[in-house]
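> In terms of this note's numbering, the sequence shown opens at residue 104 and continues consecutively.
My questions will all concern the structure given below.
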Amino acid sequence: MTRLLLINANTNAATTNMMRAIAQAAAPGGTVIDAMSAPYGVPLITNADALAQSAKALQALAGAIATTPPDGVIISAFGDPGLAALRLRLSCPVTGIAEAGMAEAGSGRRPFAVVTTTPDLVDSITALAHAYGHEKTFRGVALTKGDVHAIMADHETLVEALAEACAEAIETMGAQALVIGGGPLGQAAQSLNLRFSVPVIAPIPAAVRLAQKRISQGH
104 MTRLLLINAN TNAATTNMMR AIAQAAAPGG TVIDAMSAPY GVPLITNADA LAQSAKALQA
164 LAGAIATTPP DGVIISAFGD PGLAALRLRL SCPVTGIAEA GMAEAGSGRR PFAVVTTTPD
224 LVDSITALAH AYGHEKTFRG VALTKGDVHA IMADHETLVE ALAEACAEAI ETMGAQALVI
284 GGGPLGQAAQ SLNLRFSVPV IAPIPAAVRL AQKRISQGH
């Protein structure tokens with residue numbers, strides 16, 4: 104039995120449950136997904152300050168995680184907050200959903216874009232793409248139009264807003280693959296995969312795949 108621990112970097116328990124279900128559905132047989140929320144912070148990470156706060160919150164969980172260590176940890180926020188710090192403190196592999204999603208989208212030197220709802224995180228996402236070595240293939244961030252909280256409040260509104268941004272990324276950025284940039288966007292990401300001629304990567308299943316690969320390789 105393999106146990107993966109998914110950590111939601113925000114404090115919204117409903118979001119945590121949704122992401123855990125997505126991860127469990129993506130996991131192979133014999134893998135159990137546990138999940139926990141950040142001990143403090145915000146219910147939705149929409150700016151760099153909240154992202155930095157979530158990194159500290161996740162670091163604070165390291166001691167408790169280490170007492171009953173899982174086989175792998177997934178950080179389910181697209182900024183991968185606390186990733187480096189948790190890797191230093193835990194013996195198991197730690198995988199970020201942005202790390203995994205970008206790796207799949209940019210495989211084979213394929214040009215890709217990130218599609219998301221949070222304009223105040225564009226700089227953070229861009230910096231992360233560069234830090235992961237995607238400078239030559241990363242085409243930028245395509246944003247939904249309108250207030251992020253209003254868009255996120257209704258699933259169908261969210262799906263259609265993301266679909267519009269996906270089309271823009273393909274048409275104007277030359278993206279040949281797309282990553283939906285956000286753990287809370289997980290259900291919407293799964294609704295978009297068959298709507299476009301290019302791959303649309305849902306980051307939570309991508310993180311499950313990468314985490315499983317690392318565990319099997321002993322990383």
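Note that beta-carbon positions come from the ideal geometry of N, C-alpha and C, so glycine has one too.
#1: Give the DSSP-derived three-state secondary structure of valine 225 in the structure shown.
#2: Hey, quick one: how far does the beta strand (DSSP E) through valine 135 stretch, first residue to last?
#3: With DSSP as the reference, identify every bridge partner of isoleucine 283, one or two as the case may be.
#4: Identify every run of the alpha helix (DSSP H) within the region 147-173, keeping only runs that are complete inside it and at least 4 residues long; order them along the chain.
#5: Should glutamate 202 be labelled buried (16 or more other beta-carbon atoms within 10 Å of its own) or exposed?
#6: Alpha carbon to alpha carbon, what distance is there between glutamate 259 and glutamine 156?
#7: What is the rounded straight-line gap between the Cα of glycine 236 and the Cα of leucine 189?
#8: Would the beta-carbon of isoleucine 177 fall within 9 Å of that of valine 311?
#9: In whole angstroms, what is the alpha-carbon distance linking lysine 248 and glutamate 267?
#10: So the candidates are Ala151, Leu147, Ala116, Ala141; which of them puts its Cα closest to the Cα of glutamine 325?
So, to answer that:
#1: helix
#2: Its beta strand (DSSP E) spans residues 134-140.
#3: Bridge partners of isoleucine 283: Val218.
#4: 151-162, 165-170
#5: buried
#6: In this structure, the CA atom of glutamine 156 is about 30 Å from the CA atom of glutamate 259.
#7: 21 Å
#8: yes
#9: 9 Å
#10: Only positions 104 to 322 of the chain appear in this structure, which leaves residue 325 out of reach.
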